[in-house]
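What follows is a single structure, written as structure tokens, with notes after it.
Residue numbers (my numbering): 135 to 690.
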């Protein structure tokens with residue numbers, strides 16, 4: 135509405151100018167010059183006010199749209215399973231939420247503003263031209279058709295390279311993210327030059343695509359100026375005949391020339407919209423891929439909401455990461471964990487230990503058999519209900535930027551400082567927390583980079599203990615601890631979790647040898663089940679692991 139009023143004022147200004155020339159200057163009437171000049175000042179002031187109001191609401195709308203779009207993408211990603219996330223790289227998702235959304239926001243802002251302004255300017259200006267001279271107004275149709283054809287060709291050529299450029303942004307972000315995350319490895323191997331060379335190749339490729347795309351877009355201005363000069367010459371030549379014949383005034387010619395600029399500038403603005411849409415179409419497609427991605431893991435229509443204990447049953451479970459794979463990651467796994475029991479899982483690299491944890495958390499769904507929590511199939515629960523009763527500690531401990539307290543409260547926002555310190559003491563982290571000047575309020579950098587690996591693992595274990603779930607899953611989360619700390623932690627943990635089910639996945643026999651039952655995995659198969667002493671007698675794989683680790687310890 136405000137844009138329409140702004141355009142109306144701008145279109146009427148040249149018309150009033152013709153009155154100043156014809157009824158003021160040419161007629162020698164200075165009074166009319168002042169009157170029509172005053173009218174022009176009022177109209178210009180109104181146009182300025184309407185334009186400012188229109189711009190304000192456009193900015194609000196486009197910023198709100200971008201915020202909603204980013205939130206929509208972020209919310210959607212939170213529903214993804216691991217297989218969904220694998221469809222998009224981390225860098226690709228970051229690019230979509232930053233660069234792509236910004237491109238769409240700019241296109242949206244221009245569309246709201248210019249897609250209203252330019253057509254109205256075209257229509258109103260052409261109507262004024264038609265009012266002055268019906269025949270001369272037909273010149274604009276020829277200009278519009280010619281300019282439209284040229285712009286269509288330019289946009290088609292540039293779109294191809296913009297699409298390639300935005301895909302290359304993913305590679306740029308991936309290289310930056312990977313290099314910064316692994317900066318210690320890069321520096322320790324003195325590979326800075328290699329990383330710089332690799333990054334230079336990617337940004338040069340991006341530069342090449344942008345130069346190609348922008349090169350075609352630069353043809354917009356010459357095409358517009360060709361139409362402007364062509365229309366000016368054509369209208370001046372036609373109007374000269376009418377002025378000589380006395381059927382048109384000098385003021386009318388001046389007004390027509392003003393409308394030439396308004397009409398062709400409106401066309402130029404429309405071309406800018408098409409360019410922005412062409413640039414953003416690749417971003418729109420990439421964002422649509424995320425928003426239209428269907429999560430592999432679904433919540434049931436009538437879910438089970440109640441979970442009384444943390445007992446877990448694997449009933450002849452089969453699983454493969456790829457549906458078309460001939461080989462399963464797990465085959466016929468049959469494990470039963472009761473509340474109050476501690477079960478250990480051990481096996482070589484690639485035996486499927488972490489896969490067991492992922493299936494309990496329902497990061498993936500089984501392809502055969504079933505997993506029961508508290509006697510109920512986990513697929514009949516919502517993901518929130520299932521995971522709310524579990525505490526998962528992975529090998530690669532991750533801490534969020536903030537404080538130690540905010541990290542420990544991640545699973546239980548209402549925990550008191552006393553509860554936090556008690557959990558920290560159980561996790562053998564209490565002493566080093568107390569040694570810090572700010573204690574629980576000590577700063578934690580992103581990823582916990584200002585703490586050692588062992589400290590991060592202990593804090594992650596404390597975070598799980600603060601949650602007080604029915605089932606604990608420790609996925610090789612004692613690996614960074616020395617034997618003494620490991621033993622002390624397991625002893626304190628047994629006292630802290632007498633009624634909970636505890637699943638400990640480990641590489642070291644010493645970590646799980648006192649468990650109620652030990653499961654031995656080998657290449658996705660369950661090759662042993664029993665206590666430590668039993669397995670030493672009955673399971674060759676377990677005995678081999680134990681003897682190799684004992685030998686290494688003795689040699690050390």
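Note that beta-carbon positions come from the ideal geometry of N, C-alpha and C, so glycine has one too. In this text, all values refer to a predicted model and were calculated from it rather than measured experimentally.
Margin query: If you follow the alpha helix (DSSP H) that residue 476 is in, where does it begin and where does it stop?
Written below: If you number the chain shown from 1, residue 476 lands on position 342. No alpha helix (DSSP H) holds residue 476; the beta strand (DSSP E) holding it covers 476 to 481.
Check: Taking just the CA atoms, how far does residue 653 sit from residue 671?
Finding: Counting from one through the chain shown, the residue named residue 671 turns up at place 537. Counting from one through the chain shown, the residue named residue 653 turns up at place 519. Looking at the backbone, the Cα of residue 671 and that of residue 653 are separated by about 14 Å.
Check: What residue does the beta strand (DSSP E) around residue 446 start on, and which one ends it?
Finding: If you number the chain shown from 1, residue 446 lands on position 312. That run of the beta strand (DSSP E) goes 446 to 453.
Notebook entry, point to check: So what's residue 459 in DSSP terms, helix, strand or just coil?
Noted result: Locating residue 459 in the chain shown gives position 325, where the first residue counts as 1. The answer is coil: DSSP assigns residue 459 none of H, G, I, E or B.
Notebook entry, point to check: Closest by CA to residue 299, which one among 226, 588, 573?
Noted result: Start at 1 with the first residue of the chain shown, and residue 299 comes out as number 165. It is 226.
Checklist line | Where the alpha helix (DSSP H) containing residue 517 begins and where it ends | finding: In the chain shown, counting from the first residue as 1, residue 517 sits at position 383. That run of the alpha helix (DSSP H) goes 517 to 522.
Checklist line | Cut-off 7 Å between Cβ atoms - residues of its own chain near residue 296, not counting five sequence neighbours on either side | finding: In the chain shown, the residue the question calls residue 296 occupies position 162. Only 347, 412, 413, 416 meet the Cβ criterion.
Notebook entry, point to check: What are the boundary residues of the alpha helix (DSSP H) that includes residue 338?
Noted result: As a working mapping, residue 338 is identified with position 204 in the chain shown. Residues 326 to 351.
Checklist line | Range of the contiguous alpha helix (DSSP H) that encloses residue 217 | finding: What you label residue 217 is simply residue 83 of the chain shown in a count that begins at 1. Counting along the chain, the alpha helix (DSSP H) containing residue 217 begins and ends at 216 to 220.
Checklist line | CA-to-CA distance, residue 410 to residue 240, given in whole angstroms | finding: As a first step, residue 240 is located in the chain shown; it is residue number 106 there, counting from the start. As a first step, residue 410 is located in the chain shown; it is residue number 276 there, counting from the start. Approximately 8 Å, taken between the alpha carbons.
Margin query: Going by DSSP, what residue range makes up the beta strand (DSSP E) through residue 465?
Written below: The sequence position of residue 465 within the chain shown is 331, counting from 1. Here the beta strand (DSSP E) through residue 465 covers 464 to 471.
Notebook entry, point to check: Which of helix, strand or coil does DSSP assign to residue 504?
Noted result: Counting from 1 along the chain shown, the entry for residue 504 is found at position 370. In the structure shown, residue 504 sits in a strand (DSSP, three-state: E or B).
Notebook entry, point to check: Sorted by chain position, which residues of the same chain lie with C-beta nearer than 6 Å to residue 524's C-beta, five sequence neighbours on each side aside?
Noted result: Residue 524 sits at position 390 when you count from the first residue of the chain shown. Cβ within range, chain order: 603, 605.
Notebook entry, point to check: Count the other CB atoms within 10 Å of the CB of residue 575; is the residue buried (16 or more) or exposed (fewer)?
Noted result: Residue mapping note: residue 575 aligns to position 441 of the chain shown, counting from 1. Classification for residue 575: exposed.
Notebook entry, point to check: Which stretch, first to last residue, makes up the alpha helix (DSSP H) that contains residue 275?
Noted result: Stepping through the chain shown from its first residue, residue 275 is reached at position 141. From DSSP, the alpha helix (DSSP H) with residue 275 extends over 273 to 315.
Checklist line | Of the listed residues 664, 684, 639, nearest to residue 482 (C-alpha basis) | finding: For the purposes of this step, residue 482 is taken as residue 348 along the chain shown, with counting starting at 1. That would be 639, whose Cα lies nearest to the Cα of residue 482.
Item checked: Cβ-Cβ separation, residue 462 to residue 453 (assumed contact under 8 Å), whole Å -> The sequence position of residue 453 within the chain shown is 319, counting from 1. The sequence position of residue 462 within the chain shown is 328, counting from 1. Going by Cβ atoms, the distance from residue 453 to residue 462 rounds to 6 Å, so yes, they are a contact pair.
Check: Excluding five sequence neighbours on each side, which residues of the same chain lie with their C-beta closer than 6 Å to the C-beta of residue 562?
Finding: Mapped onto the chain shown, residue 562 falls at position 428. Closer than 6 Å at Cβ, skipping near neighbours: 592, 619, 622, 623.
Notebook entry, point to check: Buried or exposed: which applies to residue 615, given that a residue is buried once 16 or more other Cβ atoms fall within 10 Å of its Cβ?
Noted result: Against the chain shown, residue 615 aligns to sequence position 481. So residue 615 ends up on the buried side.
Checklist line | Where the beta strand (DSSP E) containing residue 663 begins and where it ends | finding: Position 529 of the chain shown, counted from the start, is the residue given in the question as residue 663. 659 to 664 is the extent of the beta strand (DSSP E) around residue 663.
Next item on the list: In the DSSP assignment, find the beta strand (DSSP E) that holds residue 640 and state where it starts and stops.
Entry: By 1-based counting over the chain shown, the position of residue 640 is 506. 635 to 640 is the span of the beta strand (DSSP E), which, as asked, contains residue 640.
Note to self: Quick check: the Cα distance between residue 307 and residue 541, rounded to an integer number of angstroms?
What the structure shows: Stepping through the chain shown from its first residue, residue 307 is reached at position 173. Stepping through the chain shown from its first residue, residue 541 is reached at position 407. Between residue 307 and residue 541, the C-alpha separation is close to 28 Å.
Margin query: Between which residues of its own chain and residue 337 is the CB-CB distance below 7 Å, once the five residues before and five after are set aside?
Written below: On the chain shown, position 203 is the one that residue 337 refers to. If we look at residue 337 and ignore the five residues flanking it on each side, its Cβ neighbours are 306.
Item checked: Assigned exposure category for residue 190 - 16 Cβ within 10 Å defines buried -> Position 56 of the chain shown, counted from the start, is the residue given in the question as residue 190. Residue environment: residue 190 is assigned as exposed (fewer than 16 neighbouring CB atoms within 10 Å of its CB, all protein chains considered).
Check: Are at least three pairs of beta-carbons, each pair with one atom in the stretch 184 to 200 and one in the stretch 398 to 407, less than 8 Å apart?
Finding: Under the three-pair Cβ rule at 8 Å, the stretch 184 to 200 does not count as touching the stretch 398 to 407.
Margin query: Taking only three categories from DSSP, how would you classify residue 551?
Written below: By one-based count along the chain shown, residue 551 stands at place 417. If DSSP states are grouped into helix, strand and coil, residue 551 belongs with the helices.
Notebook entry, point to check: So what's residue 199 in DSSP terms, helix, strand or just coil?
Noted result: Within the chain shown, the letter at position 65 stands for residue 199. Correct three-state label for residue 199: helix.
Notebook entry, point to check: For the stretch 497 to 506 against the stretch 578 to 588, are there 3 or more C-beta pairs whose distance is under 8 Å?
Noted result: Counting Cβ pairs under 8 Å, fewer than three are found: no touch.
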